[in-house]
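Undergrad: In my numbering, the protein residues as written are 326 to 586. Quick reminder that beta carbons are idealized off the backbone N, C-alpha and C, glycines included. Sharing a structure, written as structure tokens. Questions coming.
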């Protein structure tokens with residue numbers, strides 16, 4: 326990597342200006358709602374792990390500099406070693422007690438292990454780099470949506486994929502009855518990936534964790550800090566595998582997309 330590339334990657338206003346970006350995959354969760362002894366990211370679809378399929382959606386994209394995989398200490402070693410990263414370097418980071426803490430740990434690697442991640446880089450840390458945080462259990466994300474996310478993200482607030490709410494939404498009262506029907510015209514489902522400058526999202530997450538505020542996604546941490554990321558409308562089939570029935574649904578989506586036979 327040349328010095329010019331290093332300077333472009335640090336603090337660039339957009340990922341395109343930076344010329345590179347990083348993928349962070351929080352994969353330390355167990356997913357108790359799956360009712361399985363195997364964490365959902367290591368379950369298989371047509372012989373491939375969910376995590377491997379997720380990574381496959383990103384590895385051929387221009388600008389991908391590396392993958393930070395945040396995994397539990399007891400992650401299946403064979404499953405991790407078998408991942409097909411297409412030659413893209415991968416750094417393993419230990420996860421935390423919550424998803425927010427796991428993402429924080431992964432982001433901290435840019436500050437603490439930067440010279441290991443980018444040997445010869447003349448910058449003190451990677452906090453100015455662009456990072457894309459994506460749920461490890463979302464293998465159905467469409468690469469075209471990811472490309473549009475890269476094009477839309479601007480510092481400091483970044484951007485995230487989202488899908489229009491299609492169903493009628495009801496607000497419920499304390500008795501479990503309908504309180505009102507919510508206007509869905511301005512509502513969207515937040516998806517991943519979500520893309521931000523490393524230093525911005527790390528600072529927002531650390532502040533939220535220190536204040537013991539609930540963080541449901543990276544965007545919510547930025548919102549608490551007074552930043553409001555841009556929404557990029559994406560396909561609604563960007564499914565997060567959460568329940569046992571999602572395995573069959575994800576497999577059908579991936580077949581329809583031509584990823585699985």
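(1) Comparing C-alpha positions only, which one of 563, 422, 568 sits nearest to residue 581?
(2) Distance check for residue 467 and residue 573, CA to CA, integer angstroms please.
(3) Are residue 450 and residue 436 closer than 8 Å when you measure CB to CB?
(4) Please confirm if the segment 517 to 530 is in contact with the segment 444 to 461, defined as three or more CB-CB distances below 8 Å between the two stretches.
(5) Let's test the definition: count the other Cβ atoms within 10 Å of the Cβ of residue 383 and tell me whether it reaches 16, buried, or not, exposed.
(6) Roughly how far, in whole angstroms, is the beta-carbon of residue 559 from the beta-carbon of residue 492, given that I think they are within contact range, below 8 Å?
(7) Quick test of your reading: residue 377 and residue 399, contact by CB under 8 Å. State the CB separation rounded to the nearest angstrom.
(8) Within 10 Å of its beta-carbon, does residue 392 have 16 or more other beta-carbons around it, so buried, or fewer, so exposed?
(9) Can the beta-carbon of residue 375 be found less than 8 Å from the beta-carbon of residue 484?
(10) Based on the DSSP secondary-structure assignment, which residues constitute the bridge partners of residue 600?
(11) Go ahead and label residue 494 buried or exposed: buried means 16 or more other beta carbons lie within 10 angstroms of its beta carbon, across all protein chains shown.
(12) How about the segment 416 to 431 and the segment 528 to 542: do they share at least three Cβ pairs that are nearer than 8 Å?
(13) So, for residue 416: in the same chain, excluding its five sequence neighbours on each side, which residues have a beta-carbon less than 8 Å away from its beta-carbon?
(14) Any heavy atom of the ligand SAH closer than 7 Å to the Cβ of residue 382?
(15) Tell me which residues share the same chain as residue 480 and place their Cβ nearer than 6 Å to its Cβ, disregarding the 5 neighbours each side in the sequence.
(16) Over the uninterrupted alpha helix (DSSP H) stretch that includes residue 578, give me the two end residues.
(17) If we ignore side chains and look at the alpha-carbon of each, how far apart do residue 340 and residue 365 end up?
(18) Can you give me the C-alpha to C-alpha distance between residue 355 and residue 361, rounded to a whole angstrom?
(19) May I have the straight-line CA-CA distance separating residue 511 from residue 478, to the nearest angstrom?
(20) Are residue 353 and residue 585 touching if we call contact CB-CB under 8 Å?
(21) Apply the 10 Å Cβ neighbour rule to residue 554 and answer buried if 16 or more other Cβ atoms are within range, or exposed otherwise.
(22) I believe residue 465 touches residue 575 by the beta-carbon criterion, under 8 Å. Please report the beta-carbon distance rounded to the nearest angstrom.
(23) If you draw a straight line from the C-alpha of residue 566 to the C-alpha of residue 385, how long is it?
(24) Is it right to say residue 334 is buried, meaning 16 or more other beta carbons lie within 10 angstroms of its own, or is it exposed?
TA: Checking against the coordinates, here is how it stands:
(1) On the chain shown, position 256 is the one that residue 581 refers to. The residue with the shortest Cα to Cα distance from residue 581 is 563.
(2) The sequence position of residue 573 within the chain shown is 248, counting from 1. The sequence position of residue 467 within the chain shown is 142, counting from 1. Rounded to whole angstroms, residue 573 to residue 467 spans 18 Å at the Cα level.
(3) Here the question's residue 450 lines up with position 125 in the chain shown. Here the question's residue 436 lines up with position 111 in the chain shown. Yes.
(4) yes
(5) Translated into the one-based positions of the chain shown, residue 383 becomes position 58. Buried is the call here.
(6) In the chain shown, residue 559 corresponds to position 234, counting from 1. In the chain shown, residue 492 corresponds to position 167, counting from 1. Between residue 492 and residue 559 the Cβ distance is about 17 Å, and since that is not below 8 Å, they are no contact.
(7) Here the question's residue 377 lines up with position 52 in the chain shown. Here the question's residue 399 lines up with position 74 in the chain shown. The Cβ separation is near 19 Å, so there is no contact.
(8) Residue mapping note: residue 392 aligns to position 67 of the chain shown, counting from 1. By the 10 Å Cβ count, residue 392 comes out buried.
(9) In the chain shown, counting from the first residue as 1, residue 375 sits at position 50. In the chain shown, counting from the first residue as 1, residue 484 sits at position 159. Cβ distance not < 8 Å, so residue 375 and residue 484 don't count as in contact.
(10) Any question about residue 600 goes unanswered here, given that the chain covers just 326 to 586.
(11) Here residue 494 refers to the residue found at position 169 of the chain shown. Residue 494 should be labelled exposed.
(12) yes
(13) Taking the first residue of the chain shown as 1, we reach residue 416 at position 91. Taken in chain order, the residues that qualify are 391, 392, 393, 394, 434, 438, 441, 442.
(14) Absence of the ligand SAH is noted for the structure shown, with no ligands found whatsoever.
(15) If you number the chain shown from 1, residue 480 lands on position 155. Contacts found: 338, 522.
(16) Along the chain shown, read from residue 1 onward, the residue named residue 578 stands at position 253. Looking at the DSSP string, the run of the alpha helix (DSSP H) that includes residue 578 is 570 to 581.
(17) What you label residue 340 is simply residue 15 of the chain shown in a count that begins at 1. What you label residue 365 is simply residue 40 of the chain shown in a count that begins at 1. In a straight line, the C-alpha of residue 340 is about 30 Å away from that of residue 365.
(18) Counting from one through the chain shown, the residue named residue 355 turns up at place 30. Counting from one through the chain shown, the residue named residue 361 turns up at place 36. So the alpha carbons of these two residues sit roughly 9 Å apart.
(19) As a working mapping, residue 511 is identified with position 186 in the chain shown. As a working mapping, residue 478 is identified with position 153 in the chain shown. Near 21 Å, if we compare the C-alpha coordinates of residue 478 and residue 511.
(20) What you label residue 353 is simply residue 28 of the chain shown in a count that begins at 1. What you label residue 585 is simply residue 260 of the chain shown in a count that begins at 1. Not a contact, by the Cβ cut-off of 8 Å.
(21) As a working note, residue 554 is residue 229 in the chain shown. Per the 10 Å Cβ criterion, buried.
(22) Taking the chain shown and counting its residues from 1, the one referred to as residue 465 is at position 140. Taking the chain shown and counting its residues from 1, the one referred to as residue 575 is at position 250. Indeed, because the Cβ distance is near 6 Å, the residues count as touching under 8 Å.
(23) Taking the first residue of the chain shown as 1, we reach residue 566 at position 241. Taking the first residue of the chain shown as 1, we reach residue 385 at position 60. Approximately 23 Å, taken between the alpha carbons.
(24) Within the chain shown, numbered from 1, the residue matching residue 334 stands at position 9. Residue placement at residue 334 is poorly supported in this model, since its pLDDT is 48, which falls under 50; the coordinates still yield a value, given next. Buried is the call here.
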